[in-house]
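So the sequence shown is numbered by the UniProt record's numbering: it starts at 1 and just counts up by one.
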Amino acid sequence: MLLRPVIGKLQHKRVVLASSSPRRREILSNAGLRFEVVPSRFKEKLHKGSFAAPHAYAVETAKQKALEVADRMHQKDLRAPDVVIGADTIVAVGGLILEKPVDKQDAYRMLSRLSGKEHSVFTGVAIVHCCTRDGQLDTEVSEFYEETTVKFSELSEELLWEYIDSGEPMDKAGGYGIQALGGMLVEYVRGDFLNVVGFPLNRFCKELARLYHAPRAPGTPRPVQHDSIPAVDTFEDLSDSKGGGSDPARASGGLQAGGARPQAPRTQEADLNGVTDSQPGLPAGLLELMDGFKASKVLLTACKLQVFDVLKDRGPLSATDVAREIDASVGGTARLLDVCAALGLLDKSDRGYSNTETASLHLASDGEQSLHGLAAYHDGPVWGAFTHLGRAVREGAAWTPEPLLQGPHKWSTEATLQFMRASHGLSKLTAQHVATAFDLSPFTSACHLGGCTGALAHKLVQEYPHLQVTVFDLPEVIKLAGDFQTDAQPSERVHFVPGDLSSDSLPPADLYIFCSLLHDWPDDRLHGLLSRISGSCKPGAGLLLAELAPAEEEEEASGAARRPPGLRTRGVGRRPWSPGQYRRLLQRLGFQDVQAARAGGLLHVVLGTRAPP
Ligand SMILES: O=c1[nH]cc([C@@H]2O[C@H](COP(=O)(O)OP(=O)(O)OP(=O)(O)O)[C@@H](O)[C@H]2O)c(=O)[nH]1
Numbered sequence: 001m002l003l004r005p006v007i008g009k010l011q012h013k014r015v016v017l018a019s020s021s022p023r024r025r026e027i028l029s030n031a032g033l034r035f036e037v038v039p040s041r042f043k044e045k046l047h048k049g050s051f052a053a054p055h056a057y058a059v060e061t062a063k064q065k066a067l068e069v070a071d072r073m074h075q076k077d078l079r080a081p082d083v084v085i086g087a088d089t090i091v092a093v094g095g096l097i098l099e100k101p102v103d104k105q106d107a108y109r110m111l112s113r114l115s116g117k118e119h120s121v122f123t124g125v126a127i128v129h130c131c132t133r134d135g136q137l138d139t140e141v142s143e144f145y146e147e148t149t150v151k152f153s154e155l156s157e158e159l160l161w162e163y164i165d166s167g168e169p170m171d172k173a174g175g176y177g178i179q180a181l182g183g184m185l186v187e188y189v190r191g192d193f194l195n196v197v198g199f200p201l202n203r204f205c206k207e208l209a210r211l212y213h214a215p216r217a218p219g220t221p222r223p224v225q226h227d228s229i230p231a232v233d234t235f236e237d238l239s240d241s242k243g244g245g246s247d248p249a250r251a252s253g254g255l256q257a258g259g260a261r262p263q264a265p266r267t268q269e270a271d272l273n274g275v276t277d278s279q280p281g282l283p284a285g286l287l288e289l290m291d292g293f294k295a296s297k298v299l300l301t302a303c304k305l306q307v308f309d310v311l312k313d314r315g316p317l318s319a320t321d322v323a324r325e326i327d328a329s330v331g332g333t334a335r336l337l338d339v340c341a342a343l344g345l346l347d348k349s350d351r352g353y354s355n356t357e358t359a360s361l362h363l364a365s366d367g368e369q370s371l372h373g374l375a376a377y378h379d380g381p382v383w384g385a386f387t388h389l390g391r392a393v394r395e396g397a398a399w400t401p402e403p404l405l406q407g408p409h410k411w412s413t414e415a416t417l418q419f420m421r422a423s424h425g426l427s428k429l430t431a432q433h434v435a436t437a438f439d440l441s442p443f444t445s446a447c448h449l450g451g452c453t454g455a456l457a458h459k460l461v462q463e464y465p466h467l468q469v470t471v472f473d474l475p476e477v478i479k480l481a482g483d484f485q486t487d488a489q490p491s492e493r494v495h496f497v498p499g500d501l502s503s504d505s506l507p508p509a510d511l512y513i514f515c516s517l518l519h520d521w522p523d524d525r526l527h528g529l530l531s532r533i534s535g536s537c538k539p540g541a542g543l544l545l546a547e548l549a550p551a552e553e554e555e556e557a558s559g560a561a562r563r564p565p566g567l568r569t570r571g572v573g574r575r576p577w578s579p580g581q582y583r584r585l586l587q588r589l590g591f592q593d594v595q596a597a598r599a600g601g602l603l604h605v606v607l608g609t610r611a612p613p
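Right under this line is the structure:
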């Protein structure tokens with residue numbers, strides 16, 4: 001299992017592929033990498049003559065493509081992804097650089113130049129690590145290139161034109177696609193085949209291994225292992241995600257979006273350094289599971305005590321200053337702050353403690369992307385439910401506590417508001433990704449079922465100027481929805497309709513949407529509801545489902561599935577969600593053209609169209 005740990009180095013990072021090339025997307029996703037695709041807008045027009053060699057041109061273009069995306073994403077959200085990957089493939093023959101042909105004549109010129117000769121294919125790759133400090137984007141670029149030699153047969157005019165007329169050359173460097181019809185033109189290849197197709201996967205993995213696993217000098221002791229929550233004085237040792245490897249993003253003060261994670265002891269990564277650990281592995285997954293709740297409680301407690309609010313937009317503060325502001329003991333506060341730093345939620349320096357970017361963005365109570373309400377919900381009703389899990393199991397009760405299951409019509413106004421605050425935070429965070437996972441412009445009316453505060457509805461109308469959106473939810477929720485604001489302007493195209501999903505008829509719409517709602521529903525209820533919706537849909541109407549991705553998939557992609565089956569740290573109580581399962585379910589319910597996409601690194605979004613009966 002040397003393969004997945006290499007790609008797994010990027011597992012908990014938000015990775016973006018800055019390329020529109022379907023081949024690059026396929027090569028990287030086949031390798032198990034999880035990423036978003038944001039095509040670069042950088043125009044490939046660098047002056048070729050100013051580069052000493054063709055590969056230098058490809059590398060610089062790859063770098064500019066990636067930096068353009070990092071910069072644009074940073075400008076847009078004031079938050080860049082953790083890693084942006086850019087690539088550029090060119091063909092070099094007789095001192096000339098060939099890119100994609102602009103038209104058939106250009107393709108003809110390129111292919112006749114390659115006929116009967118050897119040429120080089122270079123792909124330049126840039127891996128850009130990003131972090132944001134004081135609102136400024138900081139980048140660290142690793143770049144490399146790979147060269148492959150390709151020899152073409154002599155091509156007759158007839159063959160040449162037949163190939164050009166197939167249309168295949170037009171979006172390909174040098175005017176051919178070696179992976180398809182163009183393969184028939186090729187006599188031999190020396191070097192990495194995938195490099196010709198557009199991405200040198202082998203070299204990329206070596207580069208990741210180098211970046212994240214700088215070999216230790218001989219005789220250097222192995223890094224110290226820690227429990228999830230280390231002794232206060234040792235938290236600095238936890239700066240790397242898996243212990244032992246170097247992480248450029250962190251080394252440069254960078255921050256992991258999913259950074260607050262307990263540490264597991266090193267296991268097989270030693271193989272990457274050529275050091276094979278012959279000892280049987282310790283049950284890292286088990287220990288992590290036993291300990292994991294402490295990390296959650298630290299985060300939830302720091303949120304509740306408003307530690308992240310106190311530190312937001314302020315310079316580093318001492319434990320004494322923070323203790324004064326949150327009205328707590330100095331010793332207790334110091335310990336809490338140290339553990340928050342160990343978990344990657346705070347930065348600690350000689351001058352004191354300050355928020356990481358993630359903490360300011362998501363854990364302080366104000367701000368558009370705050371998840372403070374969700375933290376309070378977990379610390380309150382959810383925590384309470386899991387405290388009595390043993391009793392629920394003995395009595396055969398649902399894991400969600402009865403009062404929560406009963407729904408808002410049985411809750412106090414405060415409990416309903418607490419639930420809505422949690423839902424609102426999560427919706428605001430994910431709305432843009434859900435709204436743009438697919439092109440929804442063909443629809444003119446949508447209904448967000450269980451749409452709560454209307455956060456997604458407002459994003460949808462902002463994104464689609466011709467769309468009317470109905471938010472359908474229980475009367476107790478709709479009554480309070482006006483108390484919540486979104487960054488979008490209130491719109492007359494958003495309507496709130498009270499009703500009960502399971503008994504009332506649904507408002508008419510040509511697109512129905514569910515978002516983060518179905519994951520804990522029992523199978524029979526889910527099937528019943530979706531069949532009812534399918535029954536209310538006219539042919540051509542859409543159903544869009546967006547759910548948080550299950551822990552299993554993430555872990556499998558990273559190789560963490562080495563753990564004993566069934567041991568998962570996250571996703572407890574969730575219905576296992578896989579796009580494949582929902583695709584099949586939607587197809588059984590009469591939806592066709594079902595497409596699945598991954599959005600924001602956290603969501604699966606599935607869209608189907610009601611087939612004629
Ligand atoms: O044999 C093959 N050779 C090349 C390709 C494809 O050609 C293009 C190369 O173009 P470029 O590197 O500029 O990348 P774009 O497609 O324009 O996408 P970006 O958004 O990244 O600029 C590339 O798609 C190769 O896959 C091929 O398919 N076969």
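C-beta atoms are modelled at their ideal positions from N, C-alpha and C, and glycine is treated no differently.
Next on the checklist: Judging by CA-CA distance, which residue of M420, L337, K538 is the nearest neighbour of K348?
Outcome noted: L337
Next on the checklist: I need the straight-line Cα distance from A375 to L300, nearest angstrom please.
Outcome noted: 6 Å
Item to check | Residues passing the C-beta test against ligand 1 heavy atoms, cut-off 5 Å | outcome: S19, S20, S21, R23, P39, D88, T89, K172, A173, G177, I178, V196, V197, G198
Next on the checklist: Let me confirm a value: L371 is counted as buried when at least 16 other C-beta atoms fall within 10 Å, else exposed. Which label applies?
Outcome noted: The residue in question, L371, is buried, as its Cβ has 16 or more Cβ neighbours within 10 Å.
Checklist entry - Based on Cα-Cα distance, which residue from T453, V37, L389 lies nearest to V469? => result Ranking the options by Cα distance to V469, first place goes to T453.
Item to check | Contact under 7 Å by Cβ, D82 with R14 | outcome: yes
Checklist entry - When burial is assigned at 16 or more other CB atoms within 10 Å of the CB, is N355 buried or exposed? => result Label assigned to N355: buried.
Checklist entry - Leaving out the 5 sequence neighbours to the left and right, which residues in its chain are closer than 8 Å to A58 when beta-carbon positions are compared? => result D88, T89, I90, F122, T123, G124, Y145
Item to check | 7 Å Cβ cutoff met for A107 and P200 | outcome: Result no, Cβ atoms of A107 and P200 do not sit closer than 7 Å.
Next on the checklist: Does the structure place the region 301 to 315 close enough to the region 326 to 337 that three or more beta carbon pairs sit under 8 Å?
Outcome noted: These segments touch.
Next on the checklist: DSSP three-state label for L501, please.
Outcome noted: coil
Checklist entry - Can you name, in chain order, every residue of its own chain whose Cβ lies under 6 Å from the Cβ of G86, other than the five neighbours on each side? => result A18, A62, K65, A66, A126
Checklist entry - Name the DSSP bridge partner or partners of S142? => result I127
Checklist entry - What are the start and end residues of each continuous alpha helix (DSSP H) run of 4 or more residues lying completely inside the region 287 to 336, in chain order? => result 307 to 311, 319 to 326
Checklist entry - Beta carbon of G542, beta carbon of H433: below 7 Å? => result 7 Å or more divides the Cβ of G542 from the Cβ of H433.
Checklist entry - Under 7 Å, do S309 and S360 count as touching if we go by C-beta distance? => result According to the sequence as given, residue 309 is Asp; it is not Ser. Their beta carbons are not under 7 Å apart, which means D309 does not touch S360 by this criterion.
Next on the checklist: Please state whether the Cβ-Cβ distance between E99 and S120 is less than 7 Å.
Outcome noted: no
Item to check | Touch test, the region 149 to 157 against the region 109 to 119, Cβ-Cβ under 8 Å, three pairs minimum | outcome: yes
Next on the checklist: Can you tell me whether K45 is buried or exposed? The criterion is at least 16 other CB atoms within 10 Å of its CB, across all chains shown.
Outcome noted: exposed
Next on the checklist: Can you confirm whether the region 467 to 482 touches the region 440 to 458 when touching is taken to mean that 3 or more C-beta pairs between the two stretches lie within less than 8 Å?
Outcome noted: Contact between the region 440 to 458 and the region 467 to 482 is present, because at least three Cβ pairs lie under 8 Å.
Checklist entry - S153 to G95, Cα distance in whole Å? => result S153 and G95: Cα-Cα distance of roughly 20 Å.
Checklist entry - Between which two residues does the beta strand (DSSP E) harbouring R190 extend? => result 186 to 190
Next on the checklist: Could you tell me which whole beta strand (DSSP E) segments of length 3 or greater appear in the region 27 to 101?
Outcome noted: Here the runs fully enclosed are 83 to 93, 96 to 98.
Checklist entry - When the Cα of D192 is compared with those of E395, Y212, V494, T149, which residue comes out closest? => result T149
Next on the checklist: Please give me, in chain order, every unbroken run of the alpha helix (DSSP H) with length at least 4 that falls completely inside the region 419 to 474.
Outcome noted: 455 to 463
Next on the checklist: Can you find the residues in the same chain that come closer than 6 Å, C-beta to C-beta, to P7, ignoring five residues on each side of it along the sequence?
Outcome noted: According to the sequence provided, residue 7 is Ile. The question's Pro does not apply to it. Cβ neighbours of I7 within its own chain (closer than 6 Å, five residues either side excluded): A31, G32, L33.
Next on the checklist: Looking at the secondary structure, which residues open and close the beta strand (DSSP E) in which T609 lies?
Outcome noted: Taken as a continuous stretch (DSSP letters only), the beta strand (DSSP E) holding T609 covers 603 to 610.
Checklist entry - Can the beta-carbon of G198 be found less than 7 Å from the beta-carbon of R23? => result yes
Checklist entry - Just reading off the beta strand (DSSP E) that E547 is part of, what are its end residues? => result 542 to 548
Next on the checklist: Please classify A52 as buried or exposed, where buried requires at least 16 neighbouring CB atoms within 10 angstroms.
Outcome noted: exposed
Checklist entry - Tell me, which residues are paired with D15 by DSSP? => result Reading off the sequence, residue 15 comes out as Val, not Asp. Paired residue(s): V83.
Item to check | Three-state secondary structure (DSSP) of G344 | outcome: Note: G344 maps to coil in three-state DSSP.
Item to check | Integer-rounded CB distance, given that G344 should sit under 8 Å from D317 | outcome: For the sequence presented, residue 317 should be read as Leu rather than Asp. Wrong, their Cβ atoms sit about 18 Å apart, outside the cutoff.
Next on the checklist: Spatial neighbours of A92 within its chain, please: C-beta separation below 7 Å, excluding the five flanking residues on both sides.
Outcome noted: P54, H119, S120, F122
Checklist entry - Near S534, what residues of its chain come up, given a Cβ to Cβ distance below 6 Å and the 5 sequence neighbours on each side ignored? => result L589, G590
Checklist entry - With C-beta atoms as the reference, is I164 less than 7 Å away from K117? => result no
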